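Taking it in order: structure first as structure tokens, then the write-up.
In my numbering, the protein residues as written are 3 to 485.
Structure (structure tokens):
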């Protein structure tokens, strides 16, 4: 993924290749942090009324023996009760239970049940398998042994069995690249995509999209195959059918998120051409949409905006997209939505001067100024990227409300975040270079403690490039004020 902001202006020559690699690395770290906000696995939990078992710390070796005896009982009701008991205990497995799953006969028992024809027992076994696959890596690895048995149940005529089988496979797919490749070899990808294309059951669609999102995670040896299967077109088709169901829309949007993440230009074009993007944007702008649905839609837009300049410009030229982005940035009810929207804006403003002009005309500058003065540092950082892009790409340094902004960027220089420090220094450099009549040093002199902050940075920064730039700025500052 390319940096989502243009290379910052440097009034002194530096090694741009080194800097670009650092910016790319920082952008990738921020992307990873965003990904980690969302859980890739989902446990199936019983309600307190359904569960009659003791808490996980009361699970002992004797309990294991009793459970194993129940699972191997010749009495059907006892086996089903033991499977239900096991699925509940797997919600928070004790060390003893994890050992039983990882090294004992647990998976052999579950596999035998799945191969039989007892629907109720199969459902309970799938429930157990879902929670095993949703557990720690060693447990999840054992769950993969049952994948060939589970994939055949994806086509079950029982909606409940079908849904639980897909859920278990979705948790397996979240375990990593090797697990996804094994599932693909077992035919899981084709089976899940077929469900996404054809189901008319809302709950099954949501679960199938959850599984497909995990299958579409990268790295992946079969990612391009998802486009051969026309997944974007399937998403668009189901959006037209289930557009009134917020939970279905959210899950379909998550599929688009993973299809568009760090994808090729042609793959992004295919997603856009399918109509799914326009449908999601239209849905988000016309509805009273909660953050659970908005977040994947905005994140998908961020992935597209980080594509080619042409793809970014196509987004920026869509009035509905601009309306959605501005509304999301103005939102004070959801911190997560605001942060995601600022991420998108920083990519759009890193595009072309025309894209910057569109966003400035939409009124984003006043919102960015509000955010940079009132929010926590992580949100302020996102706003700062766009402000710097507006100044650099849009050549609008002198148009910004710099009297309001300068104290906040100086505060960045004094903080402990190296990235914010560099952004603060670059902002000061822009003021010195682009404000008319050498107003930059004069403006800085009116910010309490600003020159002290710069001088202190020279003594403490480990970055030679930053030290060199700050030294030059201080020289310019005193030279200008001595005139």
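Beta carbons are placed, not taken as given, at the ideal position from N, Cα and C, and that holds for glycine. In this text the structure is predicted, and so the values were computed from the model without any measurement.
Cβ-based burial, residue i [other Cβ within 10 Å; buried from 16]
| i | result |
| --- | --- |
| residue 243 | exposed |
| residue 91 | buried |
| residue 411 | buried |
| residue 81 | buried |
| residue 483 | exposed |
| residue 71 | exposed |
| residue 382 | buried |
| residue 428 | buried |
| residue 43 | buried |
| residue 78 | exposed |
| residue 182 | buried |
| residue 443 | buried |
| residue 426 | buried |
| residue 1 | The chain is shown only over 3 to 485; residue 1 falls outside these bounds and no answer can be derived. |
| residue 314 | buried |
| residue 283 | buried |
| residue 119 | exposed |
Run of the alpha helix (DSSP H) containing residue i, from where it starts to where it stops
| i | result |
| --- | --- |
| residue 439 | From DSSP, residue 439 is part of no alpha helix (DSSP H); its letter is neither H nor E. |
| residue 379 | 379-394 |
| residue 172 | 161-175 |
| residue 211 | 204-217 |
| residue 513 | Because the chain is modelled from 3 through 485, residue 513 falls outside the range shown and cannot be assessed. |
| residue 75 | Per DSSP, residue 75 belongs to no alpha helix (DSSP H) and is neither H nor E. |
| residue 398 | That residue, residue 398, is in no alpha helix (DSSP H); it is neither H nor E in DSSP. |
| residue 46 | Counting along the chain, residue 46 falls outside any alpha helix (DSSP H), and DSSP gives it neither H nor E. |
| residue 147 | Segment: none, residue 147 is in no alpha helix (DSSP H) and carries neither H nor E. |
| residue 268 | 267-275 |
Backbone CA spacing between residue i and residue j [nearest angstrom]
| i | j | result |
| --- | --- | --- |
| residue 298 | residue 317 | 16 Å |
| residue 259 | residue 301 | 6 Å |
| residue 433 | residue 400 | 8 Å |
| residue 225 | residue 214 | 11 Å |
| residue 275 | residue 268 | 10 Å |
| residue 465 | residue 431 | 16 Å |
| residue 200 | residue 233 | 12 Å |
| residue 169 | residue 335 | 32 Å |
| residue 306 | residue 246 | 25 Å |
| residue 148 | residue 98 | 22 Å |
| residue 65 | residue 75 | 15 Å |
| residue 332 | residue 340 | 7 Å |
| residue 304 | residue 343 | 8 Å |
| residue 250 | residue 145 | 27 Å |
| residue 321 | residue 184 | 43 Å |
| residue 133 | residue 405 | 56 Å |
| residue 194 | residue 390 | 44 Å |
| residue 100 | residue 141 | 7 Å |
| residue 378 | residue 163 | 46 Å |
| residue 472 | residue 350 | 29 Å |
| residue 319 | residue 354 | 12 Å |
| residue 387 | residue 348 | 6 Å |
| residue 155 | residue 369 | 51 Å |
| residue 311 | residue 266 | 13 Å |
| residue 419 | residue 380 | 10 Å |
| residue 487 | residue 135 | Beyond the ends of the chain as shown, which are 3 and 485, falls residue 487; an answer cannot be given. |
| residue 416 | residue 151 | 59 Å |
| residue 360 | residue 96 | 56 Å |
Residue i (DSSP reduced to helix, strand or coil)
| i | result |
| --- | --- |
| residue 229 | helix |
| residue 238 | helix |
| residue 262 | helix |
| residue 1 | Since the first and last residues shown for the chain are 3 and 485, residue 1 lies out of range. |
| residue 154 | helix |
| residue 199 | helix |
| residue 463 | coil |
| residue 469 | helix |
| residue 482 | helix |
| residue 375 | helix |
| residue 178 | coil |
| residue 456 | helix |
| residue 418 | coil |
| residue 448 | coil |
| residue 405 | helix |
| residue 426 | helix |
| residue 223 | coil |
| residue 138 | coil |
| residue 247 | coil |
| residue 188 | coil |
| residue 117 | helix |
Residue i at chain C interface by Cβ criterion, 8 Å
| i | result |
| --- | --- |
| residue 415 | This model lacks chain C altogether, as it is built from one protein chain only. |
List in chain order: all unbroken beta strand (DSSP E) runs of 3+ residues lying wholly within the stretch 288-373.
For the stretch 288-373, not a single whole beta strand (DSSP E) run of length 3 or above is found.
If you scan the stretch 80-109 from start to end, which runs of the alpha helix (DSSP H) of 4 or more residues do you find wholly inside it?
With a minimum length of 4 residues, the continuous alpha helix (DSSP H) runs that stay inside the stretch 80-109 are 97-105.
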